[in-house]
Amino acid sequence: MSSLSNEVLRALDSICSSNVEQMKRAERELTAWGSSKDPNYIKILFEIVNGESTSPGRLVACIQLRNIVKRSLGELQNLETGAAQDEAVMKVAMDEVVGSCVKLSGQEQLLSYMLEIVKLVAEDYFPQDWPEPLSYLMTNLVVPFYTTASEAIGDPAGISKIDPVVMEKTVAAFLVLKACFSKYDYVGSTPELLSNLAKVLHFCQTPILNCFKLAAVVLVKFPMVDVKVYQWWMSICTSALQCIVSFHHVDLPEYFEDHLQELMEVVSHCFLVSVSESYMDQIPPGKNADSPYASDLLKTACCKLLYCYVSRYTDEFLPYIVNMTVDLVNCLDKLPVEPHTEDVFTHGLDVLKKAAYYRWPEDVYPFNPNTEAGSATLRTVLNGIIPKLMLLKADDLQDIEDDPMQFIQRDIEGQQRVTRRENLRELITTLITRQPTVVGPQLVALCGRCISQGTDPLSQECACFLLSAICTETQTRARGVTKIRGEEDMMRFIDSKVLPTLLSPAVASGAGSLIHATYFKFATLFRNFIPVEYLEAIADIAVQKVVEGTSIVPSYAADYLTHVMALKQKPNGDGYASESYIRINSYIPKLCLTLPVVVDVLANDLEKIEDEFLVKYFWSLAAVCPLPPADYISFLKKVLDMVRSYVLKGRNPRIRHFLFEIVGSLVKQAPTIQGAVGMTANAATPNTSATSSQQSSPSAGKRVGLADLVQFHAYVATILEEMLQSEETGLHPYCYQILAGLIQTLPSIYTMDEFYALDPPQAMTSTTTKLTNLGQDQTAAQDVGSSLSALKQLYFPMLQGLMSQSKWTSDVASANGLSECVCAYIPRIFLYDDAREPMMKSFLDGFNIAFHQRRVSKQLSSKILLHVLASFSPTELGSWTPKIIGILMPQMMDTSSMVAACICILQYPTLVEVVNQNCGLDSLLRSMLKICDRPIALHDKFAIKLACDVIAANHKERDLPRQIYDALQKNITIERKQREEQQLTDQNFDDTSYNVLASVRDISGTKNAIRRILVNKQLVDLASL
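Right under this line is the structure:
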């Protein structure tokens, strides 16, 4: 080894040292070497990985290689920052990684990291720029192995005599091929992809198919005692099948059509493969027994292949659907319900529900009770599979005690991962829909037997599960059940079981709490069809359970309340019943009273914040519940303290997202300076005309003064700044969003309508004057002035620091969050009147880099441009706008918000010349014409209409404005006709009326910017707005 190799190996070993100082020094060295992206360093890491050393440094080298390759790929995907060094890294990786995988065969942990590298590289380079995996592996390993093994298959003893080294290398070869081909999973077809895949299949289709058939025959016909031999053959068989599955995700059935019959025969053999007894006996004590066995992985791959055929290649699969369904049903019927078989059942039921749903010809419908095979299959499903799989497993009940969130996330509908029971319920629903007279009575009888079991929680849970499947006709993840059958049965069940059980005292834990949770889930699923009085009664119980419940019950209660609050108009056969919608919305204020209680529950026990469903209920409340102004500041401080104590510990990122959304919702309610000034003034001059109801209000007489408001801003800004300075960069985008919301509560040039017609500097001065005049006396005016000065001293250094280059270029999410802050800040730049030049320079310098490195979205960029053009005087625009247009305009032609910015640009002839230099006015107009061909937001229609007027007035020689205007009128006519067909109220939008703008709602102030431009251009009277 070279001296550098020895130094690297020493650092890799030291990273695992118990000596903290030595470990930190090694970490610094490895970071420096990794950042250099020196190809020699990458080669040294591969040498260490491929060596014979038993030191822990080999594993660290694998991890280091994976991370370097991942970073280089990320940089290469960014055209602005990708460098030759990154290309060199990828070349070394492509040259070395396949050989490393083969050398590491049998060393699972090291091999797994090498396979990750293969998968990363293959995503961008395989096969067009990296054909080596195919040429090397197929020629040197896969084809020779098949030749040797097919000759040995004639002698049972010959199978076990195949060279173990050859077997291990072949296993590694198939794992590499599987990692390469995984790029074809769940992708859309493109001409380039189809061309590449055709070349791959031409080269490797036959060898892979032959190895799959050979391995399946060996596993079925030659039971093996040696566990290693069993694992090798099982791995080859499974990996080969997984490669075939990947090919089938792209629509190229012709490549396997000639071999489809033999492929289905081999899959039938695979369903017969059972786990080797010797394999069971030799499972290492430390291995997780709940993980899928080798035979389970094989059967799962078989199910995935069948799913491709029943969902994508139905015509080709028609001759095989009956036999393959029989084989699959028999396999599932004989398979034990254990944790390691969960994936087989989940994917197998996925196939069955798809086969049951598709409209096959009657004679080949796999569940046809009038055919011999269909009748037998249906009988096995109804009498064997459904009763077996509808039961909760023993470890489910154990999870209720030991890991309740694990159980809840598996059980509650609408979670990310599809589960066995969810697929079973959909299969039952489909079978009842297709065969109601045969399937319905049998399942109703089974449900009745479960109900007759009395108070046994598990039986009642099964009854609830079956009834939900029987009564569901259609459903969506977002809205629950949308079409129902047997509504009387459902209501009878709610009357006799759900309400009485929920009203009874909750059982502390275990199976007793399960039934309470199950009934809340049932009510959530059928919320669209339960009468409002029942919904409210269950909601009253749920509120109590959220606070006082134990075990899993609070989570299910909170989930029910969240969905009830989001309940829209109730669907029925005649359309929409608005009465239910209005009544349930009238119940929401009652739920809002629980908001402080929910905060206390979470704040007093931070472990409860890990409950995703409680936090989502909190978010739902925060989004709709108004807080009394007097209580707002203290309440938000409590919430912020809770959020800070949670997120700075780097916990669950999903919960962290919900908590920041909660803070964002609450910040939108923050009191404004105008409100605080008004309250201060009103405190000195009581309003004698207040109604008696206002005088008797509990919050009457309580004020949020200017001093309190400034302290509030300082408190929130300090917490946000602390989080922005933390090393947990995942917090930064959320902090920027909240900061933007906070800035939006400050006064802006759009604050008062009477100043819209003034130039921006005059509007800024007048806005400040107007604010101070609200004080009504000199003391109050001084308070306003000092408050504005304090806010300036608070936000100016913070914004100046945030707009540094490093903040703009950190990551895409942070750059877009910072852009939202800029959108909020620009209309309020009058707060920094003595610092306008440096603030604008900081913004332009950082934003220019961020935009060209694709860190900022085009939509946000156009909003920023709009606010800049609406917030500065023509003199200021003369020096800044050309640079802004030069940054943004050439790449903004496909965004609709850009049109609004163009209105302001096109008012000034000098700026039109700048536009022509950067993108061309005709290009701008063609972009508007293109936008008119698709559905357009109301304020965008208005913006385009106004832009046409401006262009027509200033550029009469152009014909494109007339075309745009005609296209826009056509678009409006089509939409009006659609509205009339839907019997909806039409918005008044014609040549002379601009009143529709008053109904536009845009949180980023787009509406206000357009209003200002309108009045300034004298195209509309201020009174009409």
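Numbering (this note's numbering), first residue to last: 145 to 1169.
Virtual Cβ for every residue (Gly too), placed ideally from N, Cα, C.
For clarity, every value in this text was computed on a predicted model and none was experimentally measured.
Scanning the stretch 729-798 for uninterrupted alpha helix (DSSP H) segments of 4 residues or longer gives 739-748, 756-768 and 773-791, listed from N- to C-terminal end. Here DSSP, grouped into helix, strand and coil, assigns I628 to strand. A direct Cα-to-Cα measurement between I674 and S958 gives close to 44 Å. Per the DSSP secondary-structure output, T620 pairs in a beta bridge with G624. Around the beta-carbon of G332, fewer than 16 other beta-carbon atoms lie within 10 Å, marking it exposed. The stretch 787-804 and the stretch 732-745 do not touch, with fewer than 3 CB-CB distances between them shorter than 8 Å. In the assembly as shown, R636 is an exposed residue. Its beta-carbon has fewer than 16 other beta-carbons within 10 Å. Following the DSSP letters along the chain, one finds V364 inside the alpha helix (DSSP H) bounded by residues P335 to K365. Leaving aside the five residues that flank L363 on each side, the residues in its chain whose CB is nearer than 7 Å to its CB run, in chain order, W377, M378, C381 and V417. Taking 8 Å as the cut-off, the beta carbon of P271 is found no closer than this to the beta carbon of L281.
Annotation: the continuous alpha helix (DSSP H) that includes S256 extends over E252 to Y269.
Distance from the CA of D299 to the CA of K181, rounded to the nearest whole angstrom, comes to 53 Å.
Using a 10 angstroms sphere on the CB of T314, the tally of other CB atoms reaches 16 or more, which defines it as buried.
Shortest Cα-Cα distance from L886 to any of E872, T862 and H857 involves H857. Between L220 and I192, the gap from beta carbon to beta carbon reaches 8 Å or more. For the pair V582 and I685, the Cα-to-Cα distance works out to about 39 Å.
Distance check between Y880 and each of P505, C967 and K532 places C967 closest, using alpha-carbon atoms only. For P891, no alpha helix (DSSP H) run applies, since DSSP gives it neither H nor E. DSSP places V562 outside any alpha helix (DSSP H), giving it a letter other than H or E. With respect to I777, D852 sits close: the two C-beta atoms are nearer than 8 Å. Straight-line measurement puts the Cα of R456 at about 16 Å from the Cα of M408. The beta carbons of M709 and S764 sit closer together than 8 Å.
Inclusion of D703 and I556 in the CB contact set at 8 Å is warranted, their separation being smaller than that value. Judged by DSSP in its simplified three-state form, C160 adopts coil rather than helix or strand. The stretch 442-458 makes contact with the stretch 484-501; the number of CB pairs closer than 8 Å reaches 3 or more. Spanning the alpha carbons of I188 and F325 requires a straight line of approximately 28 Å. Between the beta-carbon of E865 and that of M942 there is about 6 Å, and that keeps the pair under the 8 Å contact cut. Annotation for D684: the continuous alpha helix (DSSP H) segment containing it runs V676 to E692. F511 sits in coil when the DSSP states are folded into three classes, being neither helix nor strand.
Ranked by Cα distance from K752, the options A293, E171 and P548 are led by P548. G808 has its alpha-carbon roughly 32 Å from the corresponding atom of F666. One alpha carbon belongs to E171, the other to E151, and they sit about 13 Å apart. Secondary structure note for Q881: its alpha helix (DSSP H) is the uninterrupted segment H876 to I887. Ranking V373, E872 and Y678 by CA distance to the CA of D307 puts V373 first.
Contact between V394 and P351 is absent: CB atoms are separated by about 19 Å, not below the 8 Å threshold. In this structure the stretch 515-525 does not touch the stretch 588-603; the number of beta carbon pairs closer than 8 Å is below three.
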